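Chemist: Here the sequence shown stands for residues -26 to -1, 1 to 905, where the numbers follow mature numbering (1 follows the signal peptide of the UniProt record, and there is no 0).
Just so it is clear, CB atoms sit at the ideal spot from N, CA and C, and this is done for glycine as well.
This structure is a prediction, so every number in the text was calculated from the model and none was measured.
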Amino acid sequence: MEIRRLLFMTPYLSISLLLLFHNAQAQVPGFVSLDCGGSGNYTDFLGLQWTSDNQFMFGETANISVANETRTQYSTVRYFPVDAKRKYCYSLDVKQRVRYLVRTTFLYGNFDNNNVYPKFDISIGATYWSTIVINDASTMEVKELIFLATSPTISICLSNATTGRPFISTIELRPFNGSLYLTDHESQFYLSVSARINFGAESEDPVRYPDDPFDRIWASDSLKKANYLVEVAAGTVKVSTKSPIDINKDDRPPQKVMQTAVVGTKGSLTYRLNLDGFPGFGWAVSYFAEIEDLKPSDTRIFRLVVPGMPDVTKAAVNIQENAQGKNRLYEPGYTNISFPFVLNFKFLKTAESTLGPLLNAMEINKYLKINDGSLDVIAFAGLVSHYPLADWAREGGDPCLPVPWSWVNCNSDPQPRITSIDLSGKNLSGNIPSELATLPGLTELRLGGNSLTGPIPDFTGSTDLKILHLENNQLSGELPSSLTDLDNLKELYLQNNKLSGEIPSGLLNKNLVFNYTGNNDLHPGGNHKTKTGIIIGATVGAAVLLLATIISCLFMNKGRKKHHNKGELTTPMPSHRLVVSSLNDAGTESAHCFALSEIEEATKNFEKKIGSGGFGVVYYGKMKDGREIAVKLLTSNSYQGKREFSNEVTLLSRIHHRNLVQFLGYCQEDSKHILVYEYMHSGTLKEHLYGPLTREGAISWLKRLEIAEDSAKGIEYLHTGCVPSIIHRDVKSSNILLDKHMRAKVSDFGLSKLEVDGASHVSSIVRGTVGYLDPEYYISQQLTDKSDVYSFGVILLELISGQEAISNESFGVNCRNIVQWAKSHVGSGDIQGILDPLLGNDYNVQSIWKIAEKALMCVQPHGSMRPSISEVLKEIQDAIMIEREMEAAKDGNNDLSRSTINSNMGLGSMDLGFNEPYLLLDESTVQPTAR
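(1) Keeping to the same chain, check which residues put their C-beta closer than 7 Å to that of V744; ignore five residues upstream and five downstream.
(2) I need the DSSP call for T458, collapsed to helix, strand or coil.
(3) Taking the straight line between their C-alpha atoms, what separation do you get for F319 and D816?
(4) Output the boundary residues of the alpha helix (DSSP H) element that contains N709.
(5) Straight-line CA distance for A569 to V720?
(6) Can you name the residues that DSSP bridges to M597?
(7) Assess, as a yes-or-no matter, whether the region 119 to 139 is touched by the region 398 to 411 under the definition of 3 or more beta carbon pairs within less than 8 Å.
(8) If you reduce the DSSP assignment to three classes, tell me which class I508 lands in.
(9) Assuming P331 and L243 form a contact by the criterion Cβ under 8 Å, report the distance between their Cβ atoms to the nearest whole angstrom.
(10) Taking buried to mean at least 16 other C-beta atoms within 10 Å of its own C-beta, is H702 buried or exposed?
(11) Going by the CB atoms, is the gap between S104 and G254 shorter than 8 Å?
(12) Return helix, strand or coil for L482, following the three-state DSSP convention.
(13) Starting from N489 and walking both ways along the beta strand (DSSP E), at which residues does that stretch end?
(14) What did DSSP end up calling S738 once you bin it into helix, strand or coil?
(15) Would you mind listing the beta strand (DSSP E) stretches within the region 5 to 33 that are 3+ residues and don't spill past its ends, in chain order?
(16) Check P284 in the structure and name its three-state DSSP category.
(17) Rounded to the nearest angstrom, what separates I265 and T215 at their Cα positions?
(18) Measuring CA to CA, which of V382, F637, V697, I38 is closest to F141?
(19) Between the region 113 to 128 and the region 16 to 26, do three or more beta carbon pairs fall short of 8 Å?
(20) By Cβ distance, which residues of its chain are closer than 7 Å to N558, with the 5 residues on each side in sequence left out?
(21) Exposed or buried, what is D644 when buried is set at 16 or more other beta-carbons lying within 10 Å of its beta-carbon?
(22) Whole angstroms is fine: what's the gap from A522's alpha carbon to V487's?
(23) What's the call for E581, buried or exposed, on a 16-neighbour Cβ count within 10 Å?
(24) For the candidate residues L481, G801, A829, whose alpha-carbon lies nearest to that of S456?
(25) Where are the beta strand (DSSP E) runs, 3 residues long or more, that stay fully inside the region 281 to 369, in chain order?
(26) So V763 is in the alpha helix (DSSP H); what residue range does that whole segment cover?
(27) Count the other CB atoms, across all protein chains shown, that sit within 10 Å of the CB of residue 987; report buried if there are 16 or more and exposed otherwise.
(28) Going by the beta-carbon positions, is the gap between W366 and K340 smaller than 8 Å?
(29) Among the residues of its own chain, which have a CB less than 8 Å from the CB of D86, if the five just before and after it don't count?
(30) Taking all protein chains shown into account, decide if D110 is buried (16 or more other Cβ within 10 angstroms of its Cβ) or exposed.
(31) Do V181 and K230 have their beta-carbon atoms positioned less than 8 Å apart in this structure?
(32) Run the CB neighbour count on H662, radius 10 Å, all protein chains shown included, and call it buried at 16 or more, exposed below.
(33) List in chain order: all unbroken beta strand (DSSP E) runs of 3+ residues lying wholly within the region 135 to 206.
(34) Taking the straight line between their C-alpha atoms, what separation do you get for V591 and C641?
(35) Evaluate F19 with the Cβ neighbour count: other Cβ atoms within 10 Å of its Cβ, from every protein chain shown; 16 or more gives buried, anything less gives exposed.
(36) Would you call S161 buried or exposed, if buried means 16 or more other Cβ atoms sit within 10 Å of its Cβ?
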């Protein structure tokens, strides 16, 4: 295989890699194995030929060393600058109408010596493929995709890095034969590989090339990958054969995979599988071959059972009968089926069967909607083709999607158009490319500071053009009268060219900024020559108005004095003005000041104590108008309590949300510092999970999810609905209060902090509660919104387990905190080991797993690895949908909502949570297919 370098690349520009395949040198025709960052070409122990990309001058390379990883291709990486406006693309040659598997791998290995785990997007052409999230320096991320090539090249792009630097370890391209992976939807959807499993594998090593001629990787079911394939039924045993297997002309799957299997000796095979990329619609196939010697009286008949999906159980499998013989492949499947993220399934023998079910292999792929790309692709390709050696013309991929080229802006339409091009100072020469005049969405074009020659083209093909900069070139000829037809033109810069003739009168009568100085032979009509630029019409009016506004504002504010209204705090407010999305002028609101006599009367002289905190005691009260209140009396000798008081009044007088406890006012009188809130009748979440209120009855799992949703909405509002954002800093179950309807609200803002504009963190003396305290914040004293996310992750674990965050007895020897305890159980697939026994059996295990895994993401040691609270909220809402669908199924009401798309798909037809069209299922597509 030979890689021919067509384009020279610089380290700071995006990348375009074109590969030509020469079958004479390749052991497998069409295989591409690219060692990103490698230093030479070589053949590995499998017989695959690897090619270095060292000759390509983009990005930088680094050597890495990871324990137990000895393969040459994983000893280096290629990484790229962090730039939100850039993408870094490899463009690979392919043969049209051929299906391919593309595989990308990412092994971090701390290549930058920063231990900042990267997070970035990967796309294929204009289609978003996946987000690469690195959680561990020594764990490899692998992404595979199956596509039908419809053009001579395919682009693989990295972009949108949110943490760390985007990087890549390898790129592999494998062509398929014939109709392998043919689907009815391949013109609209790619197949993103989610699971490819070899059941009954004799070791943890995967099966791949040369056993699989297409170099698919069949993962061993013995692999101890946490939460990937767990909950194996009792009585599951491995069987194997040395006899050849007739896998038919499609070569799917390889013979070595089909020579092993698992058998459910007690009548069932049960598994729980995490499906990468789901929920969504997918393609799923099981592979069977009868490899055991059966007695004449033996029968093996079984069905697939998926909870909540009764339609998948219609067809029974009789392997020998279906495959028409022993050691022959039978592959039933669903070409269009909706799956959840956590798939629980079992194969269960029928009553007439004498033997338990057998399973050799399984594949599940998710349909990934193909983005058709921007509408200006052809014109754009023509534009960059004029400059094949220019660095700026090689960024690769679609000009707009998933992120635009660095010198391009696009609109937000599903199929976007280019709206802005800035090629100022790019050493352009020759005539202005005609393609620039054929972009109908273009509003701004900047070509100044180049060496362009020739006439100005007709830009009427870009009817929305507002800004046109052609200054400091060598353009010649007369100004085209077509410029007067650009009704939206507001800026026209033509200075310092070689233009000549009369300026069309229509231009002089337009409301625009017009500069044509430095064109000695260009002049207005009537033989009047001038070298001055002209600013006329609305532009002058706007400038005068702006100046007048500024002057009037200065005079109006001069000498204005500030006076505190009666009852307002005199404590200095924070230096940042707090802007809240739901209020027009929240930053100027002031809190109500209660008289001490009112408070004493309402509380009957602080008679009923209902709670206490580090800085005071909370009492019950009832106002004359019947309103019930909670009164927080700060400890008089607490300096920190007074700071908390001032902080809480300052914040709460300006923020309002239904999931934040309503702040009613304050009182500063007789050396007392008092805060007044709405009364929350049902106490705290902590009291209901493992406090005195547990005696009144356990909270159901669905109600716990709803409490989590309410709480997350309150925290999300603090993080995203306030400018600057508010970091709560003391999120814990005792600060989640419940009203009479058991709706949750977040309380206690005494430790909260405003984020500093433009800063990634707030330096702060560490405050918080042991068990909920972000360890990264504790070490660095740098507070971020991800500190709240950590604390909320602890609350999610409390909701699942009913255990408190810190305990000397509950978590076993040498373990005092809920995070360490939960990680050990969830990591080994033992979700039952952390479930609150009070939940009984009234839950769907899929929603439990979903929340448990998101909780463990929240409590990752580094903030960059944690999701945002908005991402957590979305996961909670998905879990709620799973539970509500289960309840609806129990009640016989499957018409939950239109979002369930075919109710007969049950749990697999939940709200997908993706901005991609659904595949419309008809009656035929939910029927199994078999070869």
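Modeler: In short:
(1) In the sequence shown, counting from the first residue as 1, residue 744 sits at position 770. Contacts found: I780.
(2) Along the sequence shown, one-based indexing puts residue 458 at 484. Helix, per DSSP.
(3) As a first step, residue 319 is located in the sequence shown; it is residue number 345 there, counting from the start. As a first step, residue 816 is located in the sequence shown; it is residue number 842 there, counting from the start. F319 and D816: Cα-Cα distance of roughly 19 Å.
(4) On the sequence shown, position 735 is the one that residue 709 refers to. Careful: N709 lies outside any alpha helix (DSSP H) and carries neither H nor E.
(5) Numbered from its first residue, the sequence shown carries residue 569 at position 595. Numbered from its first residue, the sequence shown carries residue 720 at position 746. Going from the Cα of A569 to the Cα of V720 covers about 26 Å.
(6) Against the sequence shown, residue 597 aligns to sequence position 623. Paired residues: none, contrary to the question.
(7) Between the region 398 to 411 and the region 119 to 139, the count of Cβ pairs shorter than 8 Å is below three; the stretches do not touch.
(8) The sequence position of residue 508 within the sequence shown is 534, counting from 1. Because I508 carries a pLDDT of 48, less than 50, the predicted location of this residue cannot be relied on, and no value is offered for it.
(9) Working through the sequence shown from its first residue, we reach residue 331 at position 357. Working through the sequence shown from its first residue, we reach residue 243 at position 269. Contact annotation, P331 with L243: C-beta distance approximately 5 Å; criterion of less than 8 Å satisfied.
(10) Against the sequence shown, residue 702 aligns to sequence position 728. That one is buried.
(11) Residue mapping note: residue 254 aligns to position 280 of the sequence shown, counting from 1. Residue mapping note: residue 104 aligns to position 130 of the sequence shown, counting from 1. No. Outside cutoff.
(12) Position 508 of the sequence shown, counting from 1, holds the residue named residue 482. Collapsing the DSSP output to three states places L482 in a helix.
(13) Taking the sequence shown and counting its residues from 1, one reaches residue 489 at position 515. N489 -> beta strand (DSSP E) spans 487 to 489.
(14) Residue 738 sits at position 764 when you count from the first residue of the sequence shown. Reliability of the predicted coordinates at S738 is poor, the pLDDT of 47 falling under 50, and no value is obtained from them.
(15) For the region 5 to 33, whole beta strand (DSSP E) runs of length 3 or above, ordered along the chain, are 6 to 9, 23 to 26.
(16) Position 310 of the sequence shown, counting from 1, holds the residue named residue 284. Helix.
(17) What you label residue 265 is simply residue 291 of the sequence shown in a count that begins at 1. What you label residue 215 is simply residue 241 of the sequence shown in a count that begins at 1. Cα-Cα distance, rounded: 6 Å.
(18) As a working mapping, residue 141 is identified with position 167 in the sequence shown. From the listed residues V382, F637, V697, I38, the smallest Cα separation to F141 is found for I38.
(19) At 8 Å Cβ cutoff, the stretches do not touch.
(20) Counting from 1 along the sequence shown, the entry for residue 558 is found at position 584. Low per-residue confidence applies at N558: pLDDT is 33, beneath 50, and the placement is therefore not dependable enough to give any value.
(21) Taking the first residue of the sequence shown as position 1, residue 644 is located at position 670. Note on D644: under 16 other CB atoms within 10 angstroms of its CB, so exposed under the neighbour-count rule.
(22) For the purposes of this step, residue 522 is taken as the residue at position 548 of the sequence shown. For the purposes of this step, residue 487 is taken as the residue at position 513 of the sequence shown. Because the pLDDT of A522 is 38, which lies under 50, any placement of that residue in the model is unreliable, and the number read from its coordinates should be weighed accordingly. If I take the Cα positions, the gap works out to 20 Å.
(23) Residue numbering aside, residue 581 sits at position 607 when the sequence shown is read from its first letter. With fewer than 16 other CB atoms across the displayed protein chains lying within 10 angstroms of its CB, E581 is exposed.
(24) The residue you call residue 456 lines up with position 482 of the sequence shown. Looking from the CA of S456, the closest CA among L481, G801, A829 belongs to L481.
(25) Complete beta strand (DSSP E) runs here, min 3: 290 to 292, 306 to 313, 316 to 323, 335 to 343.
(26) Taking the first residue of the sequence shown as position 1, residue 763 is located at position 789. Annotation: the continuous alpha helix (DSSP H) that includes V763 extends over 759 to 775.
(27) An answer regarding residue 987 cannot be provided, because it is not within the stretch -26 to 905 covered by the chain.
(28) In the sequence shown, counting from the first residue as 1, residue 366 sits at position 392. In the sequence shown, counting from the first residue as 1, residue 340 sits at position 366. The answer is no: Cβ separation not under 8 Å.
(29) Indexing the sequence shown from 1 puts residue 86 at position 112. For D86, where only same-chain residues beyond five positions count, the Cβ hits under 8 Å are A36, Y53, G138, R139.
(30) Position 136 of the sequence shown, counted from the start, is the residue given in the question as residue 110. Answer is exposed; the Cβ neighbour count stays below 16.
(31) Within the sequence shown, residue 230 is the residue found at index 256, counting from 1. Within the sequence shown, residue 181 is the residue found at index 207, counting from 1. Closer than 8 Å, so yes.
(32) Residue 662 sits at position 688 when you count from the first residue of the sequence shown. Buried is the call here.
(33) Here the runs fully enclosed are 144 to 149, 163 to 172.
(34) For the purposes of this step, residue 591 is identified with residue 617 of the sequence shown, where counting begins at 1. For the purposes of this step, residue 641 is identified with residue 667 of the sequence shown, where counting begins at 1. Taken atom to atom, the span from the alpha-carbon of V591 to that of C641 is near 15 Å.
(35) Translated into positions along the sequence shown, residue 19 becomes position 45. Counting Cβ neighbours within 10 Å, F19 comes out exposed, since fewer than 16 surround it.
(36) For the purposes of this step, residue 161 is identified with residue 187 of the sequence shown, where counting begins at 1. By the beta-carbon neighbour count (other beta carbons within 10 angstroms, threshold 16), S161 is exposed.
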